[in-house]
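Below: the structure, in structure tokens.
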Amino acid sequence: MYLELDGNGALYAQLTRALKSAILAGRVAAGARLPATRVLSREMDLSRNTVLAAYEQLHAEGFLVGKVGSGSYVAEIEAARKPRSAPRVVPTSPVARYARRAREVFDEVIPGRQYKGLRYNLQYGSPLTNPALTSAWRRALAQASAHAELDYPDPQGLRALREQIVDYLARRRGIVAAADDILVVSGTQQAFFLAATVLVEPADGVILEDPHYRGARQVFQAHGARVEAVAVDADGLRTDELPERGARLVVVTPSHQFPAGAVMSLARRLELIEYAARQRAWVIEDDYDGEFRYDAHPLAAMQSLDRHGRVIYIGSFSKTLFPSLRLGYMVLPPGLKKAFVAAKWFCDRGCPAIEQGALARFMADGSFERHLRDAAKTLKQRRNAMLGGLRRHAPAVEVADTHAGMHLVAWLPGISRSQCERLIALAADRGLGLYAIEPYFLGQPSRNGLLLGYASLPPADIEAAMKIFGACLAELGLGRRQAA
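Okay, structure coming up:
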């Protein structure tokens, strides 16, 4: 306990004033137990009688209350419940350029988080709630805790987990890799941060799809990159619109374009790989939800087509399991491994070992793939419920559906930006969380739409949400079919 004596008068009086000041300032909260007199006398290098005298004085003045056999506690007084705030000191020293850029691009309100608490929240990225997964994960954590090494983990990731990831990728995504090619990271966001740190200099060109994942854009902007966006269509990234020179990095979501939903054609995948080889650039393949395809076979990853060693593959367990796990991985070309592992070590010295060990066990005993099969069935039911609800209650909405993922994009033909904002506000008043797709574009989109996540709501709730959606459209006079 930190106390400073003022040096004036008897020691017991000095200690009394120091304790009283700590209580009135809120540094010792109401109800807090004070140290035993023997303990405090030893810490303060005072006699026990001095401490006893101070405690007795504070008891007499009502600052302390005693509990038989338990000790002395701070009384519930008004001043103790309202701690005095220290004067705020605003630093005037300049921060680094990176910090200034990061401050400029960071959003205080993260898309999909501003409407928490609504009855029907169509927030993209909300996890699929599964009690069976929770129980299985609890068992895996307990087993991993019992066998965990308590030293710092390998910054590249536990070998047991990297081996399981390699086996999984070979069977499910067609990627041939070794455990030494895998870097375990704290989710996709850290993967982008490491890529920016290792590969991008200020003013380097970084190409994103338009629309795209905003978290990636913000990372590269904060690092000072020259971020450009290239349009997507039904076949994915428009490779014919890639700049002739100056691209250091291209970021794509070929298996399920985020958020528009397109699947990049084989021809364009090969064109992009050849483009990267000519430019001596890198391609990041963000496979954020490639495991969830409902009416088609899983697609092989673009990385499996790469013969030039230019593609960096990113996978995450945020969508397949749950976001709070904060684990993902990168498949790195051999020439980049040492630099990325070093950057990871400087960043955090490695991901938590117990969670890595639990995930390795979870994958090794088949629990992970059983969960994926069950999750895919549940998500397909919820997707069908949303598609059916849109057809019944909002028939004029145009739906981009690629039979995959955890969300749909609903385009709003003929609706302006201000009308879209009014629709979102009205829906929130009715207990429905809707989210515009506009923030995922680098500029203003040619048409307005909504990003509708369905993972966290059961079919009955999705039907109710679609009814509210249709009613809001009708109340605003929107969403009517145009005459032919």
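Going by the UniProt record's numbering, 266 is the number at position 266 of the sequence shown; the sequence numbering is gapless. Glycine included, C-beta positions come from ideal geometry on N, C-alpha and C.
Distance, Phe63 Cα to Ala80 Cα: Confidence at Ala80 is low in this model, with a pLDDT of 49, below 50, so its placement is unreliable and the value that follows should be read with caution. Each residue's Cα considered, the two are about 9 Å apart.
Ala170 versus Asp107: straight-line alpha-carbon distance, rounded: 38 Å
Through-space distance from Gly246 to Asp180, alpha-carbon basis: 31 Å
Neighbourhood of Ser186 by C-beta, 6 Å cutoff - its chain only, sequence neighbours within 5 removed: Arg326 and Cys351
Length of the line joining the Cα atoms of Asn434 and Ser324: For clarity, residue 434 is Leu in the given sequence; the question names Asn instead. Cα to Cα, Leu434 sits roughly 23 Å from Ser324.
For Asp210 and Phe362, believed in contact at Cβ under 8 Å, the rounded distance: Going by Cβ atoms, the distance from Phe362 to Asp210 rounds to 37 Å, so no, they are not a contact pair.
Whole-Å CB distance - Val251 paired with Leu272, under 8 Å assumed: Not a contact, Cβ separation roughly 11 Å.
Ala102 (DSSP reduced to helix, strand or coil): helix
Residues near Tyr454 by beta carbon distance below 8 Å, same chain, minus five either side: Leu122, Leu379, Arg382, Arg383, Ala385, Met386, Met406, His407, Leu408 and Ile462
Close Cβ partners of Phe368 (< 6 Å) along its chain, the five nearest in sequence each way excluded: Phe362
Residues bridged to Glu291 (per DSSP): Answer is none; Glu291 lacks a bridge partner.
Those residues which DSSP pairs with Leu432 across a bridge: Tyr120
Whole-number beta carbon distance between Val230 and Phe220, since they are thought to touch under 8 Å: About 14 Å separates the two Cβ atoms, so there is no contact after all.
Unbroken beta strand (DSSP E) run spanning Tyr329, endpoints: Gly328 to Val331
Cα-Cα separation between Gly26 and Val39, rounded to whole angstroms: 21 Å
The segment 282 to 292 / the segment 338 to 352 touching (three or more Cβ pairs under 8 Å): no
Where Glu285 falls, given that 16 or more other Cβ within 10 Å makes a residue buried: buried
Through-space distance from Leu19 to Tyr73, alpha-carbon basis: 12 Å
Within 8 Å, strictly: CB atoms of Tyr288 and Phe317: no
Contact belief for Gly389 with Met264 at Cβ below 8 Å, rounded distance in angstroms: Not quite, the Cβ-Cβ distance comes to about 29 Å (not below 8 Å), so this is no contact.
Member of Asn49, Pro243, Ala353 and Thr129 whose CA lies at the smallest distance from the CA of Thr320: Thr129
Ala53 versus Val65 - alpha carbon distance: 15 Å
First through last residue of the beta strand (DSSP E) which encompasses Ser186: Premise fails: Ser186 is in no beta strand (DSSP E) and is neither H nor E.
CA-to-CA distance, Leu199 to Gly205, given in whole angstroms: 11 Å
Cross-strand partners of Tyr73 (DSSP beta bridge): Arg33 and Val65
Nearest to Thr16 (by Cα), restricted to the options Tyr55, Ser418 and Ala32: Tyr55
Whole-angstrom distance between Ala404 and His256, CA atom to CA atom: 7 Å
Assigned exposure category for Ala483 - 16 Cβ within 10 Å defines buried: The pLDDT assigned to Ala483 is 37, lower than 50, so where the model puts this residue is not dependable; a value taken from the coordinates is nonetheless given after this. Under this definition Ala483 is an exposed residue.
Boundaries of the alpha helix (DSSP H) in which Tyr12 is found, first to last residue: Leu11 to Leu24
Coarse secondary structure for Ser367, derived from DSSP in three states: helix
Beta-carbon spacing of Leu423, Leu473 below 8 Å: yes
C-beta atoms of Tyr313 and Ala300 nearer than 8 Å: no
Supposed contact pair Thr197 and Ala343 - C-beta distance, whole angstroms, cut 8 Å: 5 Å
Gly357 (DSSP reduced to helix, strand or coil): helix
Option nearest residue 490 by Cα separation, candidates Pro334, Pro35 and Ala160: Here the chain has residues from 1 to 484 only, and residue 490 is not among them.
Cβ-heavy atom distance, Arg268 to the ligand ATP, below 7 Å: Here there are no bound small molecules, and the ligand ATP is not part of this structure.
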